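Novice: Below is one structure. I have some questions about it.
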Amino acid sequence: MPQQLARMVKNEVGIDIHIRITGKTMWIYVPMTDLIEEKTAGWDKAGLEKLNKVMNAAHRVILSTDAKLDFLAVVGADIKKFGVALLTVEYIPDLEQAVLEKFSRGEYFMRSVRDVRFDPTLIGDTTGETQSYRDITFDEFICMQIIHRAKSLFAKDKKLNNLFELKTTSYTQKFGILKLEFEFLRKRYDLSPEEENIKPLDYVKQIAAEVIQNYNYKDIQGVELTDTFSEETVKLSLDELKKMKVELPEYRD
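Just so you know, the numbering used here puts the end of the sequence shown at 240, numbered straight through with nothing missing.
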């Protein structure tokens, strides 16, 4: 399968990709010189389209085989100047369910985790040798998706975006507890009484419940959510997460 996919991408997109399978995770390293637009330091539309074609090819190949894979992780790497990596992680059963239209297109994109990081070792790395590859666990994917959804909410919801900036995030898993940390910086301090009562973790705990409920996940004891700026921590058991009513703003594309 890796050889077939690499040939397909070379023929259709004109890129040499490098594929590694670790456990049940398939990693695709995509070296790119047109991922970032140099004048603006923003995403290059043509580069993003090229990366999207690589992912579409990967979807077609994965869905046409009976390979026992759980996750697809694609690293679009700027190897020219900036050392930016755009990571996309997808749960393959989600891909299969999306094809059957079991959930909306917007929900599919929310389940497709995206993250951006800066790594100067990417510059000049045409094969991905500087990167580490691991077998992604479902606990890790749950953490990544909670963070991904939180970033989307606080970026797209006008009220929340006007009040908070989600600066940094991190996660660990220990003894069945998913521990996630968020650094919410306030953008304003001239708040109305209503705005004073808005706590970022009230939204994050609903996001955590939504993710757990979406996957009917049972293999954890609970989650621990911390706002490192306010030093507030919320602990929720698995039972509490499954029973929680989710009433989040409509922020999906």
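Yeah, the Cβ is synthetic: ideal placement off N, Cα and C, and Gly gets one too.
Computed from a predicted structure; not experimentally measured.
By alpha-carbon positions, which one of E88, V86, E36 ends up nearest to I2?
Specialist: Start at 1 with the first residue of the sequence shown, and residue 2 comes out as number 15. Of E88, V86, E36, the residue nearest in Cα terms is E36.
Novice: So M13 is in the beta strand (DSSP E); what residue range does that whole segment cover?
Specialist: As a position in the sequence shown, residue 13 is number 26, starting the count at 1. Looking at the DSSP string, the run of the beta strand (DSSP E) that includes M13 is 12 to 19.
Novice: For the putative contact between E127 and S99, defined by C-beta atoms under 8 Å, what is the C-beta separation to the nearest angstrom?
Specialist: Along the sequence shown, one-based indexing puts residue 127 at 140. Along the sequence shown, one-based indexing puts residue 99 at 112. So it is not a contact: roughly 15 Å between Cβ atoms.
Novice: Going by CA-CA distance only, name the one from A72, K138, M131, I133 that's closest to D106.
Specialist: As a first step, residue 106 must be located in the sequence shown, where it is residue number 119. Comparing Cα-Cα distances from D106 to each of A72, K138, M131, I133, the minimum goes to A72.
Novice: Cα separation between L74 and I110?
Specialist: Working through the sequence shown from its first residue, we reach residue 74 at position 87. Working through the sequence shown from its first residue, we reach residue 110 at position 123. Roughly 16 Å separates the two Cα atoms.
Novice: Since A72 sits in a beta bridge, which residues does DSSP pair it with?
Specialist: Start at 1 with the first residue of the sequence shown, and residue 72 comes out as number 85. Partner(s): A64, R104.
Novice: My understanding is that I259 touches K230, with C-beta atoms under 8 Å, so please give their C-beta distance in whole angstroms.
Specialist: It is not possible to answer for residue 259, since the shown part of the chain is limited to -12 through 240.
Novice: When we look at the beta-carbon of G34 and count the other beta-carbons within 10 Å, is it buried (16 or more) or exposed?
Specialist: Position 47 of the sequence shown, counted from the first residue, corresponds to residue 34. Classification for G34: buried.
Novice: Less than 8 Å between the CB atoms is what I'm expecting for K192 and L167, so what's the real figure, rounded?
Specialist: Indexing the sequence shown from 1 puts residue 192 at position 205. Indexing the sequence shown from 1 puts residue 167 at position 180. That belief does not hold up - the Cβ atoms of K192 and L167 are roughly 10 Å apart, past 8 Å.
Novice: Measure from the alpha carbon of L153 to the alpha carbon of each residue in K161, K174, F162, T159, then state which is nearest.
Specialist: In the sequence shown, the residue the question calls residue 153 occupies position 166. For the residues K161, K174, F162, T159, the minimum Cα distance to L153 belongs to K174.
Novice: Along the chain, where does the beta strand (DSSP E) that runs through K166 open and close?
Specialist: As a position in the sequence shown, residue 166 is number 179, starting the count at 1. Counting along the chain, the beta strand (DSSP E) containing K166 begins and ends at 164 to 173.
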